[in-house]
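For the sequence shown, position 73 matches number 72 in numbering that gives the first Met the number 0, and the numbering has no gaps at all.
Just so you know, even glycine gets a beta-carbon here, dropped at the ideal spot from N, CA and C.
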Amino acid sequence: MNMLDGKVILITGSSRGIGAATARLAVDYGAKVILHGRSKSKELTDLASKLDADYIVCNAEDKKAVYKEIERMIKATGKIDGLVNSAGISKPKPFLETADSDWLEIFNVNLLGTVHFCQAVIPNMLKRKYGRIVNIASVRGHLVN
Numbered sequence: 000m001n002m003l004d005g006k007v008i009l010i011t012g013s014s015r016g017i018g019a020a021t022a023r024l025a026v027d028y029g030a031k032v033i034l035h036g037r038s039k040s041k042e043l044t045d046l047a048s049k050l051d052a053d054y055i056v057c058n059a060e061d062k063k064a065v066y067k068e069i070e071r072m073i074k075a076t077g078k079i080d081g082l083v084n085s086a087g088i089s090k091p092k093p094f095l096e097t098a099d100s101d102w103l104e105i106f107n108v109n110l111l112g113t114v115h116f117c118q119a120v121i122p123n124m125l126k127r128k129y130g131r132i133v134n135i136a137s138v139r140g141h142l143v144n
């Protein structure tokens, strides 16, 4: 028996990078994964096919869209046992050249997007008295230009 047998885990930002690697590892440990991408990219659909996974497509900034997709997945799977927040963006440019609109988008995706997904899954976790949430950040937050 694998550590994650029978568990349903939603992994945000799983089209590529840390999120995709996390999804592959979760499947190796027996989980049923739900992938997430901001758009229906070839990377997302190919990974979903390879992992026999469901996927959702929505902008993490859009709270209504996040709630709608989470509700749809809970209806389809019956539960979400785990959430791995891996979605994030960066705008790598010199600090003094970064526009307010860039900062707002980074804030909205990286922080509010995480909040939106947590708020959407926690009621199901509380109802079932079980759930795990992991929030991932990358080294991009430490890079200085």
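So, is residue i buried or exposed, given that buried needs 16 or more other C-beta atoms within 10 angstroms?
i      : result
Asp45  : exposed
Met2   : exposed
Asp80  : buried
Leu103 : exposed
Can you list, in chain order, the residues of its chain with a C-beta nearer than 7 Å to that of residue i? Leave out the 5 residues immediately preceding and following it.
i     : result
Glu68 : Ile55 and Cys57
Ser38 : Val56
Glu60 : Asn107, Val108, Leu111 and Gly112
Leu43 : Ser14, Leu34, Gly36 and Tyr54
Check whether the Cβ atoms of residue i and residue j sit closer than 9 Å, and answer yes or no.
i      : j      : result
Ser85  : Gly29  : no
Val7   : Lys31  : yes
Asn123 : Gly112 : no
Ile33  : Thr21  : no
Consult DSSP for residue i and reduce its assignment to one of helix, strand or coil.
i     : result
Asn84 : strand
Lys63 : helix
To which residues of the same chain is residue i closer than 8 Å at the C-beta, ignoring the five residues directly before and after it?
i    : result
Met0 : Gly29
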